[in-house]
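Protein chains in written order, with the working numbering: chain B, 11 to 436; chain S, 43 to 317. Positions of the beta carbon are idealized from the N, C-alpha and C atoms, including for glycine. Fair warning: this is a prediction, and the values are worked out from it, not measured in the lab.
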Ligand SMILES: Nc1ncnc2c1ncn2[C@@H]1O[C@H](COP(=O)(O)OP(=O)(O)OP(=O)(O)O)[C@@H](O)[C@H]1O
Ligand SMILES: [Mg+2]
């Protein structure tokens, strides 16, 4: 007895040392991953935050019906077709009367965004009474001006290395002095679709596209995946060759590169069934194929973890197998099933490759209205923007990543809330 | 039939069940029942009648197949992957393993309290009400409330849980869970109740409550109980069956088994020389 105590005591120091070492390993692993995560987040948000602001220019426009090329009749059609560009260009000329030469004139026109004319058009069409008056309006500035306002263009560089020349800087300085240049919250980013002009490009199209695609994926993969898992785990004959083959194939499918699912979707849905390409419906179908193995495997694991004594208790009371499964086993496994589903959905939300295959990478400026409208999704939008040369797209790329991360966070939060609900019910 | 090496290196033969395994008025009767777990045989040729409105106690050393045998009686072993059963088991003269027999109906008639307490991860109320809801036994919410209260009271649990009926059943102590499982079983009013060590986690007072319950139930119902307490077997049961390494060694009136055992193995066990 005393001998044993001594033996145990001798070992104890070693055991504690081992424990301490393991703790240190664990903590350093966590520290490293947090450091990576933080550097990623900081990098993305410092690049991305400027995109949530946008530079606007205040210009006094003379909404003259002659300049607009309007007759006296202000029909809707006529108003829609009127020459708003001329009005804006004229106003810019009055603002900077000394401008000469083709190059400078062109540069002057390019102070404001191409979208300014549509902004003016909408304004006039909404209140036709402004025709013939002078209005002071805020227009979207061109991306170069915006980049300068956000500190992206260095004045001290030689003129030839700058996107903005000296005369342009002089205009900006004048506008600044007159308080006619201002950074505001970038509403457009959240309310517009994609555009070739970075200052007009918004993420709404991709956001709605992602939402619709996820909706299709969720509606298909959750019921199919969970039903398959329940059947395989609770009802399928055990030690049956067919069941084994199915199981092996599901596990294999989980390891198939996602682009293959894109090719499959292209061949089967578009090629064979003739579903139009680029639409959320087909994106959802392809992502369903991709997420099904994940959902099935994790749901099966969750069902397997339900203690058999619960099944026995229900069966022993005279519940049928279906009742046992749906009254007791599935609710007990629900938190695990939801976790698996969310992991699958998060994967699908961030997936790009298979969607490229089915044409969701096309440039689409319209916000999709339904699952059959052409659209793109957030990760593809990120891919598209990161590929664009304009400097203003860089910050939009990061901002889009932030929106995507926001989506993921919301999804995970929902999962946590739902898990809590299911766990509380017990 | 087979020689079994005993601790004392004694060779004792188990030919066939001694005593009085068969009676008139049987609720259950089993003939030539063999049970296998995969390759391994757990019950060898069990022949026994279980009397109507009686309590039969099953005793024997750990691992001798008492639970296995009990679980055959409501086809609970069907749920175990590679468990095979051969022989005849009749309930009211009807083979419960025949194809027409619906195991769901059988288990509503033959209730079971398991060896390990297994309350549902739901509220205490729902645990007790579940079976009644399943079989449509209560017409209204009030009836159901009454049934739940009555069942919990009979299992001697109501006083302790009456303020926490909607707390999870899994939050109770081991002994409370066991009584909850008993309440859950008697709530559906089965004809036969199989109890696998129902009082193994209970203190003497709660044990007495359950024993009283069993005795009062046995006026209307048939009860088979597995127990490791020979005093309990003696207190509640009319007949006793002794199992040994998968063999049904001896069945007789409880009095006879404890005062005048026929088989050497039975005697060794009840006198404490084995097991
Ligand atoms: N699910 C199972 N799979 C395989 N073998 C089993 C299974 N359940 C029981 N056995 C085996 O069957 C034999 C009888 O087990 P059983 O549980 O019936 O014993 P018991 O008499 O109830 O014992 P205890 O008094 O300890 O509860 C044991 O040898 C055991 O190992
Ligand atoms: Mg047992």
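Handout entry: Test: residue 47 (chain S) CB closer than 8 Å to a CB of chain B
Key = Interpretation of residue 47 (chain S) is limited by its pLDDT of 44, a score under 50 that renders its predicted location unreliable; the figure taken from the coordinates is listed afterwards. Cβ-Cβ to chain B under 8 Å: no for residue 47 (chain S).
Exercise for the section: For the segment 318 to 335 of chain B, enumerate the residues whose C-beta is nearer than 9 Å to any C-beta of chain S, in chain order. Expected result: Among the residues of the segment 318 to 335 of chain B, those with a Cβ less than 9 Å away from any Cβ of chain S are 318, 319, 320, 321, 322, 323, 324, 325, 326, 327, 328, 329, 330, 331, 333, in the order of the chain.
Handout entry: Reference residue 253 (chain B); option with closest CA among B:128, B:241, B:263
Key = B:241
Practice task
Determine, using beta carbons only, whether residue 342 (chain B) comes closer than 8 Å to chain S.
Solution key: yes
Exercise for the section: Tell me whether residue 380 (chain B) is buried or exposed, calling it buried when 16 or more other Cβ atoms sit within 10 Å of its Cβ. Expected result: exposed
Practice task
Using a Cβ-Cβ cut-off of 8 Å, state whether residue 257 (chain B) counts as contacting chain S.
Solution key: no
Problem - C-alpha distance - residue 296 (chain B) paired with residue 271 (chain B), whole-angstrom precision - result: Between the alpha carbons of residue 296 (chain B) and residue 271 (chain B) lies a distance of about 6 Å.
Problem - Element boundaries [beta strand (DSSP E), containing residue 115 (chain B)] - result: That residue, residue 115 (chain B), is in no beta strand (DSSP E); its alpha helix (DSSP H) goes 112 to 119.
Problem - Unbroken stretches of the beta strand (DSSP E), 3 residues or longer, contained in the segment 169 to 198 of chain B - result: Look at the segment 169 to 198 of chain B and you find these whole runs of beta strand (DSSP E), each 3 residues long or longer: 191 to 195.
Exercise for the section: Please list, in chain order, all residues of the same chain as residue 214 (chain B) whose beta carbon is under 7 Å from its beta carbon, the five residues on each side excluded. Expected result: 200, 201, 202, 203, 377
Exercise for the section: Give a yes or no on whether the minimum CB-CB distance between residue 44 (chain S) and chain B is below 8 Å. Expected result: Low per-residue confidence applies at residue 44 (chain S): pLDDT is 41, beneath 50, and the placement is therefore not dependable enough to give any value.
Practice task
Please classify residue 114 (chain S): does DSSP put it in a helix, a strand, or coil?
Solution key: If DSSP states are grouped into helix, strand and coil, residue 114 (chain S) belongs with the helices.
Practice task
Could you tell me which of S:283, S:84, S:225 sits nearest to residue 298 (chain S), measuring between CA atoms?
Solution key: That would be S:283, whose Cα lies nearest to the Cα of residue 298 (chain S).
Handout entry: residue 108 (chain S) CB to nearest heavy atom of ligand 2 below 7 Å
Key = For residue 108 (chain S), the distance from the CB to the nearest heavy atom of ligand 2 is below 7 Å.
Exercise for the section: Reducing DSSP to helix, strand and coil, say where residue 91 (chain S) ends up. Expected result: strand
Practice task
Can you tell me the Cβ-Cβ gap for residue 133 (chain S) and residue 327 (chain B), rounded? I've got them flagged as a contact below 8 Å.
Solution key: Incorrect: roughly 17 Å between the Cβ atoms, too far for contact.
Problem - Euclidean distance between Cα positions of residue 171 (chain S) and residue 254 (chain S) - result: 23 Å
Handout entry: Cα-Cα separation between residue 60 (chain S) and residue 86 (chain S), rounded to whole angstroms
Key = 14 Å
Practice task
Could you pull out every unbroken alpha helix (DSSP H) segment of at least 4 residues lying fully inside the segment 187 to 219 of chain S, listed in chain order?
Solution key: 200 to 203
Handout entry: Chain-ordered residues of the segment 159 to 172 of chain S with a beta carbon less than 8 Å from chain B
Key = Of all residues in the segment 159 to 172 of chain S, only 160, 161, 162, 163, 164, 172 come within less than 8 Å of chain B when Cβ atoms are compared, listed by chain position.
Problem - Selected residue, minimal CA-CA separation from residue 348 (chain B), among B:185, B:109, B:312 - result: With distances taken between Cα atoms, residue 348 (chain B) lies closest to B:312.
Problem - residue 70 (chain B), enclosing alpha helix (DSSP H) - first and last residue - result: First-last for residue 70 (chain B): 63 to 72, but that is the beta strand (DSSP E), not the alpha helix (DSSP H).
Exercise for the section: Name, going along the chain, the residues of the segment 228 to 246 of chain S whose beta-carbon falls closer than 8 Å to a beta-carbon of chain B. Expected result: 230
Practice task
Return no unless some Cβ of chain S is closer than 8 Å to the Cβ of residue 416 (chain B).
Solution key: no
Exercise for the section: Tell me, please, whether the CB atom of residue 431 (chain B) is closer than 8 Å to any CB atom in chain S? Expected result: no
Exercise for the section: May I have the straight-line CA-CA distance separating residue 318 (chain S) from residue 251 (chain S), to the nearest angstrom? Expected result: Residue 318 (chain S) falls outside the range modelled here, since chain S spans only 43 to 317, and no answer is possible.
Exercise for the section: May I ask you to list the residues that DSSP assigns as paired with residue 60 (chain S)? Expected result: Residue pairing by DSSP puts residue 60 (chain S) in a beta bridge opposite S:292.
Practice task
Thinking residue 242 (chain S) and residue 211 (chain S) are a contact (beta carbons under 8 Å), I'd like their distance in whole angstroms, please.
Solution key: Distance from residue 242 (chain S) to residue 211 (chain S) at the Cβ level is roughly 18 Å; contact not present, criterion being Cβ atoms closer than 8 Å.
Handout entry: Neighbour flag for residue 16 (chain B) against chain S, beta carbons, 8 Å
Key = Judged by the 8 Å Cβ criterion, residue 16 (chain B) is not in contact with chain S.
Exercise for the section: Let me know the secondary structure DSSP gives residue 55 (chain B) once reduced to three states. Expected result: Per DSSP, reduced to three states, the secondary structure at residue 55 (chain B) is helical.
Exercise for the section: Report yes or no: is there a C-beta of chain S within less than 8 Å of the C-beta of residue 314 (chain B)? Expected result: no
Exercise for the section: Closer than 9 Å, Cβ to Cβ, to anything on chain B: give me those residues from the segment 175 to 199 of chain S, in chain order. Expected result: 176, 177
Practice task
Please decide whether residue 221 (chain S) counts as near chain B, where near means a Cβ-Cβ distance under 8 Å.
Solution key: So, not an interface residue.
Handout entry: Cutoff 8 Å: residue 218 (chain S) Cβ touching any chain B Cβ
Key = no
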